[in-house]
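*Asks:*
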Amino acid sequence: MKYCPNCGAQLPDNAMFCSACGARFGAPQQNYQQPQYQQPQYQQPQKMTYWEKVKAAQKKQKIKWWMWPIIAVGTYLLLQLFPIS
Ligand SMILES: [Zn+2]
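Numbers 3 to 87, taken from our numbering, label the letters of the sequence shown in order.
1) Can you name the residues that DSSP bridges to I19?
2) Going by DSSP in three states, Y52 sits in which element: helix, strand or coil?
3) Rounded to a whole number of angstroms, what is the C-alpha to C-alpha distance between P42 and K62?
4) Rounded to a whole number of angstroms, what is the C-alpha to C-alpha distance between F84 and V56?
5) Among the candidates F27, Y52 and K64, whose CA atom is the shortest distance from the CA of A17?
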């Protein structure tokens, strides 16, 4: 003999649901884990050093270190072709 957890009615041990209120309780209880809601932490923007800023800017522009000599040579050639007079 067991009792309905919902209404307290007496029920046979093999009862899958309460005949009085209809509550189901025969199914194995699942361990429902409540997802823990984590409040998104607001991260204060960290103060960047000069070089970190430069690195970030380079990442943004996708300029690799090896591009600088090319840019320098290109600028030099342009100045040779079109001298500023
Ligand atoms: Zn019941």
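Backbone N, C-alpha and C fix where the C-beta goes; we use that ideal spot for every residue, glycine too.
*Replies:* Quick answer:
1) Correcting the residue type first, residue 19 is Phe in the shown sequence and not Ile. Answer by DSSP bridge pairing, in chain order: R26.
2) helix
3) 26 Å
4) 30 Å
5) F27
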